[in-house]
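For reference, the structure discussed in these notes is given below.
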Amino acid sequence: MSYVKVLQELNKGELAPLYLLYGTETYLLEDMLHRIISKGLSAEEQDFNLSKFDMAENPVEIAVEEAYTFPFMGERRVVLIKDAIFFSGQKDPKKVEHDLTKLVSYIEKPAPETVLIVLAPYEKLDDRKKIVKLMKKQATVMEARPLVEKELRQWIQSKAKEEKVVFNEGAEQELITLTAANLMQMASEIKKLALHVGENNEVLKEHVSSLVVRSLEQDIFVLVDGVVKGQAHQSLKIFKDLIKQKEPPLRILAMMVRQFRILYQVKQLSQQGYGEKMIASQLKLHPYVVKLALKQVQRFKDEELLSYLDQLAELDFRIKTGKMNDALGVELFLIQRGTKIRIGK
Numbered sequence: 001m002s003y004v005k006v007l008q009e010l011n012k013g014e015l016a017p018l019y020l021l022y023g024t025e026t027y028l029l030e031d032m033l034h035r036i037i038s039k040g041l042s043a044e045e046q047d048f049n050l051s052k053f054d055m056a057e058n059p060v061e062i063a064v065e066e067a068y069t070f071p072f073m074g075e076r077r078v079v080l081i082k083d084a085i086f087f088s089g090q091k092d093p094k095k096v097e098h099d100l101t102k103l104v105s106y107i108e109k110p111a112p113e114t115v116l117i118v119l120a121p122y123e124k125l126d127d128r129k130k131i132v133k134l135m136k137k138q139a140t141v142m143e144a145r146p147l148v149e150k151e152l153r154q155w156i157q158s159k160a161k162e163e164k165v166v167f168n169e170g171a172e173q174e175l176i177t178l179t180a181a182n183l184m185q186m187a188s189e190i191k192k193l194a195l196h197v198g199e200n201n202e203v204l205k206e207h208v209s210s211l212v213v214r215s216l217e218q219d220i221f222v223l224v225d226g227v228v229k230g231q232a233h234q235s236l237k238i239f240k241d242l243i244k245q246k247e248p249p250l251r252i253l254a255m256m257v258r259q260f261r262i263l264y265q266v267k268q269l270s271q272q273g274y275g276e277k278m279i280a281s282q283l284k285l286h287p288y289v290v291k292l293a294l295k296q297v298q299r300f301k302d303e304e305l306l307s308y309l310d311q312l313a314e315l316d317f318r319i320k321t322g323k324m325n326d327a328l329g330v331e332l333f334l335i336q337r338g339t340k341i342r343i344g345k
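Counting with full-length UniProt numbering, you get residues 1 to 345 for the letters of the sequence shown.
Next comes the structure, spelled out in structure tokens:
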């Protein structure tokens, strides 16, 4: 199930006895974990009836034993199994001995007073394993993957509802754009915007534009977009703003290289017939980042992207060997962007 679906289930019903949360979107994992624990136990009850076990340090049977323990001064116990690497196909670097038969027995017949949460922060589960098949059959399973645009909008409305405000469509899109779909930043910005407009009011695009600070990733995207469109003034403005914010020129250069490399890779995969979701999965990028990149690459031929990467590599070498001032070198690249003049030639 997706984050949104599990959240809907959690909001309208009772807690499930078993949860398996897996995936690489850290914010969604932590947010859902917090919601399940808070729904199951009050802050006071958590002192007595919340137990956490890291599988990198503890054998799983200790957690299982705790799950069978009757809650103390309360109706429910919550047990968290963290970093459950045995649900993935990866090898355990700590080599902790786990008696998985104990966990299998528990999954088959969980204690009625306990909510057992298994956290597996890995991209994929190993579906060949008996314990994975059983958990998928018995538990509520959430995959914490990057949200596609429709899910992002649902998530924004959900967070806004919690803050007692409403986002119009323009505000939603502006928030996604300025934060580059970073969930942690969006959550923080939604709280700030809600305080600004007040309860039971609407957040508009202009509120977002004036109050939300662009992420570094979004700044680099806009900077490169200026290069793509031949708008040196746009790129130079972003660059100078970043310098004022104490961003090192070499870091900005590295981010530019990363963005051009993404554009090249996205273009190659698109030409091979890959869709947005497939490209995002292949390159381990957020689907929204891929969507924007696909729009940008329409302006480029393959050899142009490779030429930009060559120029940036040469610029990086000249800066690191002391032949070019870092800030000046990046500025010159941005000014000369459309002329295909190689820096230093």
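For glycine and all other residues, C-beta sits at the position ideal for the given N, C-alpha and C.
Scanning the segment 9-56 from its first residue to its last, the whole beta strand (DSSP E) runs of 3-plus residues come out as 18-23 and 50-54. Looking at 319, 292 and 187, the one whose alpha-carbon comes closest to that of residue 249 is 319. The segment 164-182 and the segment 122-131 do not touch, with fewer than 3 CB-CB distances between them shorter than 8 angstroms. Assignment of residue 181 by DSSP, reduced to helix, strand and coil, places it in the coil class. Of the other Cβ atoms in all chains shown, fewer than 16 fall within 10 Å of the Cβ of residue 272; this residue is therefore exposed. Contact fails between the segment 11-30 and the segment 44-53, because fewer than three Cβ pairs, one in each stretch, are under 8 angstroms apart. Contact annotation: the segment 273-292 does not touch the segment 237-248, with fewer than three C-beta pairs closer than 8 angstroms. Its chain contains 239, 249, 252 and 253 as the residues whose beta carbon lies nearer than 7 angstroms to that of residue 330, once the 5 sequence neighbours on both sides are disregarded; these appear in chain order. Across the structure, residue 35 and residue 156 are spaced so that their CA atoms are roughly 16 angstroms apart. Annotation: the continuous beta strand (DSSP E) that includes residue 77 extends over 77-82.
Rounded to whole angstroms, the gap between the alpha carbons of residue 56 and residue 81 is 10 angstroms. Contact check for residue 33 against residue 139 fails: the beta carbons are separated by 8 angstroms or more. Linking residue 262 to residue 313 through their CA atoms gives a straight-line distance of about 15 angstroms.
With contacts defined by Cβ atoms closer than 8 angstroms, residue 115 and residue 135 do not form a contacting pair.
Per DSSP, the beta-bridge partners of residue 117 are 19 and 80. The bridge partners DSSP lists for residue 141 are 20. Secondary structure note for residue 71: it is in no alpha helix (DSSP H), with a DSSP letter that is neither H nor E. Where residue 278 is concerned, the enclosing alpha helix (DSSP H) starts and stops at 276-283. In the structure shown, the three-state DSSP call for residue 290 is helix.
A contact between stretches requires three or more CB pairs, one per stretch, nearer than 8 angstroms, and the segment 290-308 fails this requirement with the segment 199-212.
Residue 166 is bridged by DSSP to 202. With contacts defined as CB atoms closer than 8 angstroms, residue 175 and residue 189 qualify as a contacting pair. Within the same chain, 305 come within 6 angstroms of residue 264 by CB-CB distance, once the 5 residues on both sides are set aside. In its chain, beyond the 5 residues on either side, 85 have a beta carbon closer than 6 angstroms to the beta carbon of residue 92. In the structure shown, residue 127 adopts coil according to DSSP, grouped into three states. DSSP places residue 329 inside the alpha helix (DSSP H), whose first and last residues are 326-335. The three-state secondary structure of residue 7, taken from DSSP, is helix.
In this structure, residue 45 sits near residue 74, with a CB-CB distance shorter than 8 angstroms. In the three-state scheme derived from DSSP, where H, G and I count as helix and E and B as strand, residue 321 is classed as coil. Relative to residue 303, the option among 191, 120 and 267 whose CA is nearest is 267.
Note that the C-beta distance between residue 158 and residue 315 is not below 8 angstroms.
Secondary structure at residue 92: coil, using DSSP grouped into helix, strand and coil. Residue 24 and residue 5 have their alpha carbons spaced roughly 18 angstroms apart. Note that the C-beta distance between residue 20 and residue 141 is below 8 angstroms. Counting along the chain, no alpha helix (DSSP H) covers residue 212, and no H or E run does either. In the three-state reduction of the DSSP assignment, residue 249 falls in the helix class, which pools H, G and I.
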